[in-house]
Every structure is written in structure tokens, then in C-alpha cells.
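Heads up: the sequence shown begins at 118 in our numbering, then just goes up one per residue.
Ideal Cβ positions, reconstructed from N, Cα and C, are used throughout, including at glycine.
This one's a predicted model, so the numbers in the text were calculated from it and none came from an experiment.
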Amino acid sequence: MNETDPKSEILALLDENRVMSLATLRPDGWPQNTMVGYVNDDLAIYFAVARSSQKFSNLSHDARASIAIGRDAPNQIRGLSMAVRIAEVTSFEEIQRLNQRLHARYPEQAVFAPREASAVILKATPALISIIDLSKGPGSPRLVSVQTDVTVRPVV
């Protein structure tokens with residue numbers, strides 16, 4: 118991967134994985150971390166949760182969250198750590214587009230159907246992303262800020 122193109126590296130890491138760790142803040146101040154499946158569209162990450170879940174309740178109070186995605190292999194840890202803002206997806210057209218991506222990535226999975234169940238589709242928009250790749254040697258992760266869907270800049 119090209120060291121000068123962090124967005125390509127981020128997208129490759131998103132495509133390599135299927136599950137993320139989502140950390141939200143409970144109203145009592147304690148963090149809550151859970152695993153959820155996801156599908157991404159460029160840098161936006163989409164996932165479904167139950168409307169009655171603690172995750173959804175937490176995000177209703179504070180839309181900020183942290184996402185970790187990655188895996189390890191012998192002497193190699195690769196992944197992402199992201200500061201994100203979460204918003205509910207309400208556009209039928211956007212949900213249809215997501216169902217096409219979902220089916221391509223998870224052919225065994227049902228479609229997103231938030232109107233038919235007590236589920237909600239959420240969109241995580243990253244603000245800061247830390248790229249972790251220990252295969253390139255020990256050192257600090259690369260931190261980038263996301264200005265728009267197309268602009269990713271190193272943080273110095």
C-alpha cells in the first residue's frame with residue numbers, strides 16, 4: 118500500500134474486515150463496547166441495531182463513538198481506530214443502496230429493513246482515524262483527519 122495515500126489504506130482495511138468494535142458512552146458515564154457487523158460505502162460505515170438496545174439509547178444521548186476494526190497475525194497487527202459521529206439513516210433510497218452493498222458483501226445476510234422490525238440503520242462518519250500497521254515496524258500509528266468523504270489529511 119502507498120504510504121502517501123492513507124485513504125486507500127483505510128478503504129483496504131475496511132474491506133478486509135467484517136466486524137467492528139463500537140464503543141459508546143452510557144448516560145452514567147461508563148463506556149460500553151460491543152461487536153457489530155458493518156458495511157462501508159467509501160469512508161462511511163453503516164450498521165444496524167435494535168431500537169431497544171443500550172447502544173441506540175447511548176447514541177441517542179451522545180452521537181460520538183469510537184470504532185476499532187482490525188485483526189492480528191503473527192507479528193502483524195493491522196487495523197483502524199476511529200473517532201466517529203453517528204446518525205440515523207432515514208432515506209429509503211440510501212437504505213436501498215446499502216442493501217445492494219450488504220448483499221454483495223454478505224450474501225447470506227438478510228436485507229436492512231428498519232420499517233419491518235424494531236431496528237435502526239446507523240451511519241458512522243469518521244472525523245479522526247488512526248491507521249495501525251505493525252507490519253511496517255514498531256512506532257506510532259498514523260493519525261489522519263477526515264475533512265470530507267474525499268479528503269484525508271495526516272495530523273501532525
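So, for residue i: in the same chain, excluding its five sequence neighbours on each side, which residues have a beta-carbon less than 6 Å away from its beta-carbon?
i: T141; result: Q149, K172, N175, L176 and A182
i: A185; result: S138 and S198
i: S252; result: Q193
i: L245; result: A200 and S262
i: A204; result: K240
i: N157; result: L131
Compute the beta-carbon to beta-carbon distance between residue i and residue j, rounded to the nearest angstrom, for a pair I have assumed lies under 8 Å.
i: L215; j: I249; result: Contact flag wrong, Cβ pair sits at about 27 Å.
i: R202; j: A221; result: Contact doesn't hold; Cβ gap of about 26 Å is too wide.
Quick one: grab the DSSP three-state call for residue i.
i: S125; result: helix
i: D179; result: coil
i: R202; result: strand
i: N134; result: coil
i: L251; result: helix
i: L281; result: As shown, the chain starts at 118 and ends at 273. That puts residue 281 outside it, with no answer to give.
i: S262; result: strand
i: R188; result: strand
Can you grab the Cα-Cα spacing for the pair residue i / residue j, in whole Å?
i: R143; j: R218; result: 31 Å
i: R195; j: Y223; result: 22 Å
i: E133; j: D145; result: 35 Å
i: G154; j: L131; result: 11 Å
i: L260; j: S247; result: 4 Å
i: K124; j: I162; result: 14 Å
i: D274; j: R188; result: Past the edges of the chain, shown from 118 to 273, lies residue 274, and the structure says nothing about it.
i: I238; j: E211; result: 10 Å
i: A129; j: T207; result: 28 Å
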